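If you count by our numbering, then the sequence shown holds residues 3 to 408, one letter each, in order.
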Amino acid sequence: MRAARTGTLLLIGGLLACSPGQDELEAEALSLHRSAIVVDTHSDTTPLFEDPNWRFDRRHALGHMDLPRMREGGLDVQFWSIYIGKTEGPGRTIRKALKRIDAVYRMLEQHPDQLELAQDVAGIRRIVAEGKIASLMGLEGGHIIEDSLPALRGFYRRGVRYMTLTHSFHTNWADSSGTDTTPAPVHLGLTRFGKQVVHAMNQLGMMVDVSHVSDQTLVDVLRASRAPMIASHSSCRALANHPRNLPDPMLQAIASKGGVIMLNFYPAYLDQDANEATRAHKLVLRDDLIPLRSRFKLEPAKGARALQAFYAQHPFPSVPLDILLDHFDHAIRVAGPDHVGIGADWDGVPSMPIGMEDVSHLPALTLGLLRRGHSAETVRKVLGENLLRVMSEVEYVARELGYSER
Ligand SMILES: [Zn+2]
């Protein structure tokens with residue numbers, strides 16, 4: 003399987019070649035990308051799996067991700083996001099999440115020779131060595147467990163290996179950063195039950211994800227968690243002042259606890275001008291976009307397809323690949339080379355940087371990082387080893403805490 007992928011990646015290498023004298027570096031980048039375990043911690047492609055007519059194994063013109071493009075991009079490990087919006091009524095969020103997880107399982111069952119659900123780091127390494135894409139899941143939003151620790155444990159047993167403590171709204175036990183504006187805090191961080199949730203995650207070996215949480219929630223998590231944490235899809239606030247991004251002291255605090263910041267690729271989070279242009283663009287499209295979102299509230303797969311078509315017709319602002327590389331440079335400098343990774347937010351956002359239009363372009367990141375002088379060792383860590391190290395440490399803490407505490 004590795005040999006088959008080599009051919010594809012060499013082909014991409016040919017496409018990347020643009021100036022003479024770069025051949026050596028490009029060859030090094032492709033060889034490094036091919037041999038590294040490449041991990042991404044955030045894909046929102048999952049609603050499409052609920053549509054039996056949408057083929058994951060076909061190459062699509064729309065969206066950011068499908069099996070052929072994942073293979074071209076040399077992506078080895080994907081955390082599928084179980085993203086469920088705010089849903090009223092007891093049991094309804096859990097039921098929607100179970101349906102989404104079921105759709106992920108059905109996708110995996112349709113392609114047993116290409117993908118496999120991984121339970122732990124040892125499983126990830128085995129599955130990747132067999133030439134398959136290791137698949138894991140992350141819950142996007144602590145509201146999904148509906149304040150139930152048994153539900154949290156149930157999700158773990160189904161293969162969920164991280165939970166983002168909040169989405170863009172507060173849960174009953176943790177404050178969110180919001181998306182475009184920061185809502186007034188209601189808990190001033192994490193409540194007592196919120197700390198119990200974090201402890202339960204530590205005991206299970208489920209990674210605590212601080213993307214989307216408020217700065218104060220993050221401070222509380224740093225104190226409460228006995229294991230290192232991840233930010234599954236967040237960028238640097240020093241480069242783009244957005245509440246979804248992490249300020250330098252937070253990058254350093256996550257790093258000093260041994261964690262990893264997985265950088266988000268969304269242009270509106272990467273660049274101030276792109277953010278303002280995106281807001282203006284959304285305002286112009288408001289009258290079409292809002293009804294489109296609500297029309298398919300009960301049919302997530304149809305909604306996702308309609309949004310993909312809408313974004314293709316009304317392209318959102320983008321940024322050059324260099325702006326994304328600036329975030330990698332900054333995070334590597336501030337947090338350190340052991341604490342940065344990839345959490346692109348595939349299919350969760352309306353645009354990607356120019357030169358990173360979909361997952362098939364991932365080798366361009368490896369080449370860009372080498373061009374900027376990062377060592378092969380650093381790049382290999384950023385591509386995946388950092389996340390695998392954190393996950394191993396989370397597994398170790400769970401073993402140390404022991405079953406008796408569960
Ligand atoms: Zn998100």
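Where is the CB? At the ideal position from N, CA and C, for every residue including glycine.
If you're wondering where the values come from, they're calculated on a predicted model, not measured in any experiment.
| Check | Outcome |
| --- | --- |
| Simplified DSSP assignment, three categories, for R4 | Legend: pLDDT at R4 = 43, less than 50; position of this residue unreliable, value from coordinates given subsequently. Three-state DSSP puts R4 in a helix. |
| Beta-carbon contacts of A6 that lie in its chain and below 6 Å, excluding the five residues immediately before and after | With a pLDDT of 43 at A6, under the threshold of 50, the modelled position of this residue cannot be trusted; read the value that follows with caution. Hits under 6 Å: none found. |
| Element boundaries [alpha helix (DSSP H), containing V336] | L323 to A337 |
| Contact test: G350 Cβ vs ligand 1 heavy atom, cutoff 7 Å | yes |
| Endpoints, the alpha helix (DSSP H) within which Y271 is located | P269 to L272 |
| Reduced DSSP category for L12 - H, G, I as helix; E, B as strand; rest coil | Because L12 sits at a pLDDT of 47, beneath the cut-off of 50, its placement in the model cannot be relied upon, and the point is left open. |
| Check: S213 C-beta below 7 Å from any heavy atom of ligand 1 | yes |
| Helix, strand or coil at P22 [DSSP, three-state] | Any reading at P22 needs caution, since the residue's pLDDT is 47, under 50, leaving its predicted position unreliable; the model's value is listed next. Coil. |
| Buried or exposed (CB count within 10 angstroms, at least 16 for buried), Q410 | Any question about residue 410 goes unanswered here, given that the chain covers just 3 to 408. |
| CA-to-CA distance, R128 to E407, given in whole angstroms | For E407, the predicted structure reports a pLDDT of 46, less than 50, and the residue's modelled location is therefore unreliable. The matter cannot be settled from this model. |
| H235 CB to nearest heavy atom of ligand 1 below 7 Å | yes |
| T43 - DSSP class collapsed to helix/strand/coil | strand |
| Local conformation of Q254 per DSSP, three classes | helix |
| For I86, the three-state DSSP class (helix, strand or coil) | coil |
| beta-carbon V79 near ligand 2 non-hydrogen atom, thresh 7 Å | In the structure on display, ligand 2 does not appear, and the ligands it does have are ligand 1. |
| Contact the stretch 243-262 vs the stretch 188-200: 3+ CB pairs below 8 Å | no |
| Residue from G161, S170 and F58 with nearest C-alpha to I86 | S170 |
| Nearest-angstrom beta carbon gap, V361 and H66 [assumed within contact, 8 Å] | 6 Å |
| N- and C-terminal bounds of the beta strand (DSSP E) containing I96 | Not the beta strand (DSSP E): I96 falls in the alpha helix (DSSP H), residues R94 to Q112. |
| Neighbour-count burial assignment, D68, 16 or more Cβ in a 10 Å radius | buried |
| Spatial distance of T168 from D25 (CA atoms) | 45 Å |
| Counted within 10 angstroms of its Cβ, other Cβ atoms place N174 as buried (16 or more) or exposed | exposed |
| Other residues of its chain near R61: CB distance less than 7 Å, five sequence neighbours each side excluded | D68, P70 and R71 |
| Nearest-angstrom beta carbon gap, A308 and F298 [assumed within contact, 8 Å] | 6 Å |
| beta-carbon E142 near ligand 1 non-hydrogen atom, thresh 7 Å | yes |
| Proximity winner among E395, H376, G404 and T368, relative to G76 (alpha-carbon distances) | T368 |
| Rounded straight-line distance, which links the Cα of E301 to that of V262 | 34 Å |
| For E142, the first and last residue of its enclosing alpha helix (DSSP H) | Per DSSP, E142 belongs to no alpha helix (DSSP H); it is in the beta strand (DSSP E), I135 to E142. |
| Expected contact under 8 Å - CB spacing of Q254 and V342 to nearest Å | Contact flag wrong, Cβ pair sits at about 12 Å. |
| Three-state secondary structure (DSSP) of V396 | helix |
| The stretch 206-216 contacting the stretch 148-159, beta-carbon criterion three pairs below 8 Å | yes |
| Cβ-based neighbour list, V399, same chain, cut-off 6 Å, excluding 5 preceding and 5 following | N204, R228 and A229 |
| Straight-line Cα distance separating G370 from K410 | Coverage of the chain is limited to positions 3 through 408, which leaves residue 410 absent and any answer about it impossible. |
| N- and C-terminal bounds of the beta strand (DSSP E) containing D211 | M209 to D211 |
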